[in-house]
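**Q**
Protein chains: 2
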Amino acid sequence: MKYLGIDIGGMSVKCGVVEDGVILHKKAATIRPREQDRVILADIAALISDTLNECGTDRDEIAGIGVGCPGSVDDERGYVRYCCNVNLVNTPLAEILRELTGIKDIRVSNDANCAALGETLYGAGNGAKNSVLITLGTGVGTGIIVDGRLLTGNRSAGAEGGHITIAMDGEVCGCEKRGHYEAYASATALMKQVRAACEKYPSSGLAKYAEQNGIDGKTVFICAKNGDKVAIETLNRYIEYVGCGLVTFANIFYPEVIIIGGGVSNAGDALIKPLEKYVSENVFGAQYNPKIRLVAATLKNDAGIIGAAALCLDER
Amino acid sequence: MKYLGIDIGGMSVKCGVVEDGVILHKKAATIRPREQDRVILADIAALISDTLNECGTDRDEIAGIGVGCPGSVDDERGYVRYCCNVNLVNTPLAEILRELTGIKDIRVSNDANCAALGETLYGAGNGAKNSVLITLGTGVGTGIIVDGRLLTGNRSAGAEGGHITIAMDGEVCGCEKRGHYEAYASATALMKQVRAACEKYPSSGLAKYAEQNGIDGKTVFICAKNGDKVAIETLNRYIEYVGCGLVTFANIFYPEVIIIGGGVSNAGDALIKPLEKYVSENVFGAQYNPKIRLVAATLKNDAGIIGAAALCLDER
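Chains A and B supply the protein sequences, listed in that same order.
Here the first sequence is numbered in the working numbering, starting from 27 and rising by one per residue.
Here the second sequence is numbered in the working numbering, starting from 27 and rising by one per residue.
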């Protein structure tokens, strides 16, 4: 069976024809994010037609369309409450896209959920039945699979794992509350921690490197690899922050696998290995239970398309 | 359909004949917790026979048996890894009880899971599809229902919500790690917080009351109701601790209802109302989503029996 996976981003939309977790053909198009929702969706419908035409796939061959959208989505009703940077507000997306494409089975979910589904079924998760995907990027996103199904919560309002509290009364989060995971574990938070370390230890290798090259998500990993003590300490503390949240997820879900995505995950083993150690040392009941695998995401930019298409596999 | 619900405790076992969440007849018996597992289970099988005889129910009328056990259980295999205070260690409980009773469908789960199932389906949860039960007792127990099914995790090692971290590097938990929810929100932790407040403010109404009456889970509620300022402050901080963990569960699961059980929940509205306010003020996306109901458990000591029987309703 072939499905379409649609990945809505702030400036462009990607569309892929997917079969068994493999993208047969994909195409991207810019959208006009400030237009009315019907105009935006008409652009997406046009992208769908173009994609199908380019690869010579007949519309009748498509069993369903899955759409991943950054923002707040009511999965069950196929309804977008709001979409980050794109003017989809209280939009009955599934209904409109059904009209515009003639394809009946249309599913919609949050983009982090789609990525989790894609990575779990076809990527780093290796088909696990229970998994947690954590993306360490500008913020912290989470997608959770329980017994092979996406965890979304009532009205799909759950899986907001960036906003669990790991340090009561601690750092202020982007949502303005204190102590949230995102305020410690995001790439943004990591860069802030590096900046603070540079200010505290201006003669450190880390500070000198940062002065020459600026600070991004890779800075601390590069300097720690070079043996700078301040960088190693800063990185170790960041590992504890990320690990702390992972242990909370592990204690609640005890998944077979935890998948780390987002920009920071490009650090690979320098991030994954110490995190795996932290989780296995701190998860409750580790002595009685199978080890939780910790892996970096592998599908990268294709996770959204593949995972969106996989929404159609979910029994409702 | 009639089911048997078995609730294993440290010194006694309760057995109930349950139909549609109602206990038709129940009976308790002491057990010999240090005997071999087959001896303990033979005692339980005898209790089952006695219960059925007393209420004139034929064994053929029983569609299944559910067993709730404090400790670590592999639900899928019907296997008890260990049971608190009772010598069930690596015991194939379902298999042995099947032999002893002749009843085929035997399910086993952790007692907090059973309580969550009972309260959600037939008690305070009012049949919710998504719920979280938090028991504030000696420790903090959690039972979680997702889309009508118990969340157990891989090998049923999950739902250890007492060991999520709310305050990194904070108070030491019973499991020896720092900052866990249980170390702040259990009845044990509450009493410790009251003791600390009494030592800090020896002339407070709270300290005087405690000196005369000792400290238990009710102390701070009684003194706060009497208007003592130290008691009110101590209670408010405790509400923040409990609320902080509830918000983490709310952000992950966005359940329809959160049920509070355990000894501390006997405080009723003095606990539930401020907690409900805390959750609605702090849960992510509250402005877009339905309010999460917060309620005290209602089935009390029967939750274990009713919930254990309800294990048999769970599709596997």
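Here a beta-carbon is modelled for each residue, glycine too, at the ideal position from N, C-alpha and C.
Note that the structure is a prediction, hence the values are computed from the model and not measured.
Any C-beta of chain B within less than 7 Å: which residues of the segment 194-212 of chain A qualify?
**A** Answer in chain order: Met-194, Cys-201, Lys-203.
**Q** Step through the CB atoms of chain A and report whether any lies within less than 9 Å of the CB of Asp-69(B).
**A** no
**Q** For Ala-89(B), which residues in the same chain have their Cβ closer than 8 Å to its Cβ, ignoring the five residues on either side in sequence?
**A** Met-27, Lys-28, Tyr-29, Asp-131, Cys-338
**Q** Indicate whether at least one CB of chain A lies closer than 9 Å to the CB of Asn-180(B).
**A** yes
**Q** What residue range is occupied by the uninterrupted alpha helix (DSSP H) comprising Ser-306(A)?
**A** 295-308
**Q** Which partner residues of Glu-45(A) appear in the DSSP bridge assignment?
**A** Lys-28(A), Val-48(A).
**Q** Inspect the CB distances between the segment 133-147 of chain A and the segment 168-175 of chain A and report whether three or more fall short of 8 Å.
**A** yes
**Q** Could you please give the first and the last residue of the uninterrupted beta strand (DSSP E) stretch that includes Arg-343(A)?
**A** Residue 343(A) cannot be examined here, being either before or after the span of chain A that is shown, 27 to 342.
**Q** Closer than 9 Å, CB to CB, is Gly-311(A) near chain B or not?
**A** yes
**Q** Helix, strand or coil, according to DSSP, for Cys-199(B) in the structure here?
**A** coil
**Q** Kindly list the residues whose CB is nearer than 6 Å to the CB of Gly-42(A), restricted to its own chain and excluding five residues on each side of it in sequence; keep chain order.
**A** Gly-31, Ile-49, Lys-52, Ile-331
**Q** Three-state secondary structure (DSSP) at Val-347(B)?
**A** The structure shown does not extend to residue 347(B), since chain B spans only 27 to 342, so no value can be given for it.
**Q** Express the C-alpha separation of Gly-269(A) and Ala-223(A) in angstroms, rounding to a whole number.
**A** If I take the Cα positions, the gap works out to 20 Å.
**Q** On the DSSP bridge list, what partners appear for Asp-33(B)?
**A** Lys-40(B), Gly-94(B)
**Q** Taking 9 Å as the CB-CB cut-off, is Asn-152(B) touching chain A?
**A** no
**Q** Cα separation between Ala-150(B) and Gly-294(B)?
**A** 13 Å
**Q** Check whether chain B comes within 9 Å of Ser-135(A), counting only Cβ atoms and requiring the distance to be less than that.
**A** False, the Cβ-Cβ gap to chain B never drops below 9 Å.
**Q** Mind checking which residues open and close the beta strand (DSSP E) that includes Gly-169(B)?
**A** 166-172
**Q** I need the DSSP call for Arg-124(A), collapsed to helix, strand or coil.
**A** helix
**Q** For Leu-176(A) and Asn-139(A), which I take to be in contact (beta-carbon distance under 8 Å), what is that distance rounded to the nearest angstrom?
**A** 5 Å
**Q** Output the distance between the C-alpha atoms of Cys-249(B) and Pro-281(B), rounded to the nearest integer angstrom.
**A** Straight-line Cα distance between these residues: approximately 33 Å.
**Q** In terms of DSSP beta bridges, what is Lys-218(A) paired with?
**A** Paired residue(s): none; Lys-218(A) is not in a bridge.
**Q** Measuring CB to CB, does Ala-183(B) end up less than 9 Å from Cys-199(B)?
**A** No; because the gap between Cβ atoms is not below 9 Å, this pair is not in contact.
**Q** In the DSSP assignment, what are the bridge partners of Thr-117(B)?
**A** Val-106(B)
**Q** Expressed to the nearest angstrom, what Euclidean distance is found between the alpha-carbon atoms of Leu-297(A) and Asn-277(A)?
**A** 21 Å
**Q** For a contact meaning CB atoms closer than 8 Å, what does Asn-315(B) contact in chain A?
**A** Within chain A, the C-beta atoms nearer than 8 Å to that of Asn-315(B) come from Asn-180, Arg-181, Ala-183, in chain order.
**Q** Quick check: is any heavy atom of the ligand MN less than 8 Å from the C-beta of Lys-52(B)?
**A** Although the ligand MN was asked about, the structure shown includes no ligands whatsoever.
**Q** In chain order, what residues of the same chain lie with their CB nearer than 6 Å to the CB of Ala-120(B), ignoring the 5 residues before and after it?
**A** Within the same chain, Ala-120(B) has close Cβ partners Gly-104, Ile-132, Val-134.
**Q** Taking Cβ to Cβ, would you say Gly-97(B) is nearer than 9 Å to Val-112(B)?
**A** yes
**Q** I'd like the list of long-range same chain contacts for Tyr-207(B), defined as Cβ closer than 6 Å, with 5 residues on each side in sequence excluded.
**A** For Tyr-207(B), where only same-chain residues beyond five positions count, the Cβ hits under 6 Å are Val-166, Gly-188, Ile-190, Ile-192, Gly-271.
**Q** Cβ of Glu-186(A) less than 9 Å from any chain B Cβ?
**A** Yes - at least one Cβ of chain B is within 9 Å of the one on Glu-186(A).
**Q** For the alpha helix (DSSP H) holding Gly-231(A), just list the boundary residues, first then last.
**A** Per DSSP, the unbroken alpha helix (DSSP H) holding Gly-231(A) starts and ends at 231-239.
**Q** May I have the straight-line CA-CA distance separating Gly-333(A) from Ala-141(A), to the nearest angstrom?
**A** 5 Å
**Q** Taking only three categories from DSSP, how would you classify Ile-286(A)?
**A** strand
**Q** In three-state terms, what does DSSP make of Thr-56(A)?
**A** Strand, per DSSP.
**Q** Less than 9 Å between the beta carbons of Ile-284(B) and Ile-160(B), yes or no?
**A** yes
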